[in-house]
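Numbering (UniProt numbering), first residue to last: 1 to 437.
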């Protein structure tokens with residue numbers, strides 16, 4: 001048995017798998033608790049996923065939305081961080097199997113987040129690309145810029161159009177924000193950088209299988225979102241699903257087809273699977289069944305929080321809480337409190353999600369937001385969106401860099417990271433192979 005280099009401690013050991021919103025908030029709340037915390041993640045940074053789309057559309061540099069995990073916990077004496085991937089679990093022995101060896105735990109918390117969900121459509125999975133990691137976002141940026149560069153080498157507009165038809169699937173906040181960002185590339189950047197390419201050759205599509213965009217928002221907000229996107233030139237299609245995609249032609253549920261080499265998929269997410277847990281507590285969407293204390297069904301010392309956890313005790317959310325950052329943050333804080341109660345052998349406190357509202361940006365001076373009974377749209381909602389996201393970023397440097405980027409872009413209409421760092425893939429299939437998804 002390989003023993004990783006982790007200091008031994010007489011205090012109970014809490015192993016947290018995942019350095020996302022849930023994991024880091026749990027660890028922070030346990031800063032002064034009488035426990036040893038071992039935080040594991042396959043990367044050595046925390047990623048602020050809500051701004052990934054800005055990296056993929058050349059609005060921000062990758063390092064401005066990522067923050068080193070060691071930097072977050074530099075002053076936390078009861079925490080040890082190791083970069084590792086989990087390979088299995090032996091619950092009877094309280095052993096977690098990882099790529100760096102076997103780790104003993106007293107309490108184990110899965111906060112592994114989510115991946116792109118292609119709903120079992122292998123053809124789409126092989127040819128489209130999701131956007132859940134920093135590597136994917138950078139590769140999308142490389143690929144998109146390369147599509148423009150290669151289009152300049154072609155004379156026939158019919159050959160150019162598939163390269164410049166960008167299709168987003170999924171009408172949630174990510175899809176809306178991506179579509180808006182691509183529309184602004186067309187409006188503000190394309191005429192300056194590629195004056196030889198007529199704007200009419202570039203099309204941006206947003207396809208949603210449901211009856212409206214932003215399903216969790218009100219009907220009126222959804223309608224405003226569609227109108228704002230259409231004003232930017234986005235072709236919005238609701239009640240329309242994607243049946244097939246071979247890397248060149250998208251076949252829709254209504255029988256229409258779109259020629260495109262770029263299908264960006266944000267139509268759903270699924271939990272990151274955990275090896276070693278019983279199959280009857282793992283749902284088809286990859287989530288783990290937990291009770292109101294975030295305890296994994298059948299275990300008292302194994303927990304799951306955030307996107308990976310399926311909690312159905314709240315009548316407001318019979319299908320489980322939404323897979324958003326606020327749920328993970330609040331569950332992390334509640335679980336920290338419950339671990340303290342476990343140490344004191346006191347009754348646990350059930351989790352209750354406090355919905356703080358939802359928001360999505362559509363583009364320059366355009367956003368929508370809903371808080372309690374308030375509905376905002378347009379410029380004021382856009383300002384609120386920026387403030388909330390700036391305040392949520394980790395690290396003063398990241399806040400400052402993002403603010404300067406936004407300020408500069410607002411007055412210059414520039415996107416300063418339109419460079420191909422590494423030769424992009426020739427098509428989406430090769431791109432997916434490059435990023436290893």
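For glycine and all other residues, C-beta sits at the position ideal for the given N, C-alpha and C.
Here the structure is a predicted model, which means the values were calculated and not measured.
Distance between residue 264 and residue 166, taken at the CA atoms: about 8 Å.
Judged by DSSP in its simplified three-state form, residue 67 adopts strand.
Sequence-distant partners of residue 338 (beyond 5 residues in either direction) whose C-beta falls short of 7 Å from its own C-beta, in its chain, are 293, 348, 349.
Sequence-distant Cβ neighbours of residue 313 in its own chain, meaning closer than 6 Å and more than five residues away, are 292. Residue 116 is classed as buried because its beta carbon has at least 16 other beta carbons within 10 Å across all chains shown.
At the C-beta level, residue 147 and residue 163 come within 8 Å of one another.
The alpha-carbon of residue 367 is positioned some 29 Å away from that of residue 197. Per DSSP, the beta bridge partners of residue 13 are 36. Straight-line measurement puts the Cα of residue 266 at about 9 Å from the Cα of residue 173. Beta-bridge partners assigned by DSSP to residue 103: 96.
Relative to residue 386, the option among 372, 374, 404, 375 whose CA is nearest is 404.
Pairing residue 65 with residue 81 gives a Cβ-Cβ distance that is not under 8 Å.
Per DSSP, residue 133 has no beta-bridge partner at all. Taking a contact to require three or more Cβ pairs closer than 8 Å, the segment 319-328 and the segment 17-25 qualify as touching. For residue 392, the enclosing alpha helix (DSSP H) has its first and last residue at 379-392. DSSP, reduced to helix, strand and coil, places residue 189 within a helical segment of the structure shown.
With respect to the C-alpha of residue 125, the residue from 242, 317, 51, 322 having the closest C-alpha is 242. Per DSSP, the unbroken alpha helix (DSSP H) holding residue 337 starts and ends at 325-343.
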